[in-house]
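Asker:
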Amino acid sequence: MMKLYAAKFSILLVTFLCHTFLVSAQVPAYYNGTDMNKTGNSLKTELATLITQTHTTELSYTPGVWEALKQTDLDPDNPDNVLLLYGYNDNDGNIKTDRSRDKDNNGGNTGDWNREHVFAKSLGNPNLGTSGPGSDAHHLRASDVGFNADRGNLPFADASGNARKVSNSWYPGDEWKGDVARMVMYMYLRYGNRCLPSAVGTGTQTYSNEMMDIFLQWNAEDPVSLYEINRNDILENMQGNRNPFIDNPAFATSIWGGPQAEDRFGNTSTPMPVADILINEIDSDTPGVDSMEFIELYDGGTGNTALDGMVVVLYNGSGDQSYAAFDLTGYTTNAEGYFVLGNEDVPNVSVVFPGNTLQNGADAVALYTGSATDFPNGTPVTTTNLMDAIVYDTDDSDDEGLLVLLNPGQPQVNEAGGGDKDNHSLQRMPNGSGGARNTTAYTTAAPTPGTANGGMTDDRTGILINEIDSDTPGVDTMEFVELYDGGAGNTVLDGLVVVFYNGSNDLSYAAFDLTGYSTDTEGYF
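In mature numbering (1 follows the signal peptide of the UniProt record, and there is no 0), the protein residues as written are -25 to -1, 1 to 500.
1) Taking a contact to mean a Cβ-Cβ separation below 7 Å, would you say residue 100 touches residue 120 in this structure?
2) Could you have a look at residue 268 and say whether DSSP puts it in helix, strand or coil?
3) Can you tell which of 494, 485, 156 has its C-alpha closest to the C-alpha of residue 322?
4) Looking at the secondary structure, which residues open and close the beta strand (DSSP E) in which residue 475 lies?
5) Please report the residue range of the beta strand (DSSP E) in which residue 418 lies.
6) Please return the same chain residues whose Cβ sits closer than 6 Å to the Cβ of residue 373, not counting the five positions on each side in sequence.
7) With DSSP run on the structure shown, which of helix, strand or coil describes residue 235?
8) Applying the criterion that 16 or more other CB atoms from any shown protein chain within 10 Å of the CB defines a buried residue, is residue 503 buried or exposed?
9) Anyone know if the C-beta pair for residue 193 and residue 227 falls short of 7 Å?
10) Tell me whether the beta-carbon of residue 364 lies closer than 7 Å to the beta-carbon of residue 391.
11) From residue 288 to residue 454, what does the alpha carbon distance come to, in whole angstroms?
12) Going by beta-carbon coordinates alone, are residue 147 and residue 159 separated by less than 7 Å?
13) Which residue wins for smallest C-alpha separation from residue 167, given the options 229, 189, 108?
14) From the DSSP output, in three-state form, read off residue 364 for me.
15) Nearest-angstrom Cα distance between residue 26 and residue 237?
16) Under the three-state reduction of DSSP, which class applies to residue 116: helix, strand or coil?
17) Using only alpha-carbon positions, find the residue among 460, 56, 199 that is nearest to residue 74.
18) Can you find at least 3 beta carbon pairs, one from the stretch 74 to 85 and one from the stretch 124 to 141, that sit closer than 8 Å?
19) What is the DSSP secondary structure of residue 453, counted as helix, strand or coil?
20) In this structure, how does DSSP classify residue 207 when only helix, strand and coil are distinguished?
21) Check the DSSP bridge columns for residue 81 and list the partner residues they point to.
22) Applying the criterion that 16 or more other CB atoms from any shown protein chain within 10 Å of the CB defines a buried residue, is residue 424 buried or exposed?
23) Kindly indicate the opening and closing residues of the alpha helix (DSSP H) around residue 195.
24) For residue 442, count the other beta carbons within 10 Å of its own beta carbon; 16 or more makes it buried, fewer makes it exposed. Which is it?
25) In this structure, does DSSP put residue 167 in helix, strand or coil?
26) Between the stretch 204 to 221 and the stretch 344 to 364, do three or more beta carbon pairs fall short of 8 Å?
27) Determine the extent of the alpha helix (DSSP H) in which residue 351 is found, giving its start and end residues.
28) In the DSSP output, what is residue 341 paired with across the bridge?
29) How big is the Cα-Cα spacing for residue 467 and residue 115?
30) For residue 176, write down the residues that DSSP places opposite it in a beta bridge.
31) Which residues in the same chain have their Cβ closer than 6 Å to the Cβ of residue 337, if we skip the five residues on either side of it in sequence?
32) Could you give the distance in angstroms between the alpha-carbon of residue 33 and the alpha-carbon of residue 118?
33) Any contact between the stretch 42 to 53 and the stretch 12 to 23? By contact I mean 3 or more CB pairs, one from each, below 8 Å.
34) Going straight from the alpha carbon of residue 186 to that of residue 281, what length do you get?
35) Can you grab the Cα-Cα spacing for the pair residue 92 / residue 152, in whole Å?
36) Round the Cβ separation of residue 300 and residue 350 to the nearest angstrom and send it over; I've been treating them as touching at under 8 Å.
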């Protein structure tokens, strides 16, 4: 993609104005006779009985499961393909990380997809085999052959970002962690002690001695998608039973406790007001060492706010027309109220776009109510259904055609205004302040995607190597270097590098750039 640094651009974010929406779903007839007021073991027993008694058809492992997945796992954007569990990028040249693939490319060769047992067969007690729980399609998903092999029978562990091995465990990826949690919960409900969550998950059991904390957290953090709902409907027709935690994630909270998950069976007649959503921070594609591009939205701290019916639009100031749009339907802000769209180098990102997407001005970002289909590339600037916008540049002249997106008298803001465009973003200070379509609260500071603005520090004088664990022969599987900033937290590590030296010749043998990273809230990296 060509980068036009001298061009003028803008990004628009449109929101619902003074509207409300229903956040609950109609209770399916499948649950007729189920007492929704029960909690704990009573609710668990009632749901377990329901999904067992209605599981009237057992699929054959071959060809039954293959044929089922060609229907349940269809890519909603391309019905000739299936979505691949753990996949995240169809354009990185790595076939293993593909997110979508021809539905007929199933098999066991490189480039094929096969059947991933989310509850690994060997982790069952006894082994799940290829019948009964081993052929229950509620936990079988299409997955790239190589990625499936990478996961193997590794238990799940918490992390962030894309799917990958984490020490001797497996992180399914931000997009898929909720799916995984709800499938593990289903397997425990359906097959009891044969499929213990503790056998397939790592970490603590703070909320219940039956359920791992990570699955309760993932269930709350990654809400149910339309893809999961459609899958549940198809499997009811095939097997006879449903996954209750897809129909209503709050069942898990009612049974095992933990963070409150989405209650899709709430009072469907009571509308919930939409929280005020603002564009809170942006970091555009500036020439130089800056590797992060992102847009951060903020709901004022409400947390877990649905973004259905909203769209982020990017405007190019060279013609005052749109050049990209991103649907937000199906997404929510996180528990702290943040939502991040950005490239793959950005932490806490939920919607990933290619590098060099967020052009550097004069341009605009806008938030609207609507969908991406309302804003095909080349759409002129409009204030219809506009929720919020920022018009920005990097030492460019004002663009009057974009400034109509802002309230009268509000300025175009300069990402280079602090003299360090490669290491600064534009962010509202104090965090979330200023109001919609107002830009006077924006300032330049070190980027804070997915966290409160103003939380980073550029003081790195107190950073120390705090701990190391080298590659020693034996059973030790961990090797790491830990840095510490003395407890300051969120310290930017830009411009630092870790170097390894070999004592046999006193020469370096490895080096790791830390630009783009920061210590965590406790000060560790």
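Every residue, glycine too, gets a C-beta built ideally from N, C-alpha and C.
The structure presented is a predicted model; accordingly, all values stated were derived computationally and were not measured.
Answerer: Walking through what the data contain:
1) Taking 7 Å as the Cβ cut-off, residue 100 and residue 120 do not qualify as a contacting pair.
2) coil
3) 494
4) 472 to 477
5) 417 to 420
6) 387
7) coil
8) Missing from the structure shown is residue 503; the chain here goes from -25 to 500 and no further.
9) no
10) no
11) 44 Å
12) no
13) 108
14) strand
15) Cα-Cα distance, rounded: 21 Å.
16) strand
17) 56
18) no
19) coil
20) helix
21) 88
22) Around the beta carbon of residue 424, 16 or more other beta carbons sit within 10 angstroms, so the residue counts as buried.
23) 188 to 196
24) exposed
25) helix
26) no
27) It is not in any alpha helix (DSSP H) - residue 351 carries neither H nor E in the DSSP assignment.
28) 364
29) 41 Å
30) 131
31) -18, 292, 368, 371, 374
32) 22 Å
33) Inter-segment contact for the stretch 42 to 53 and the stretch 12 to 23 is absent: fewer than three beta-carbon pairs are separated by less than 8 Å.
34) 26 Å
35) 14 Å
36) 4 Å
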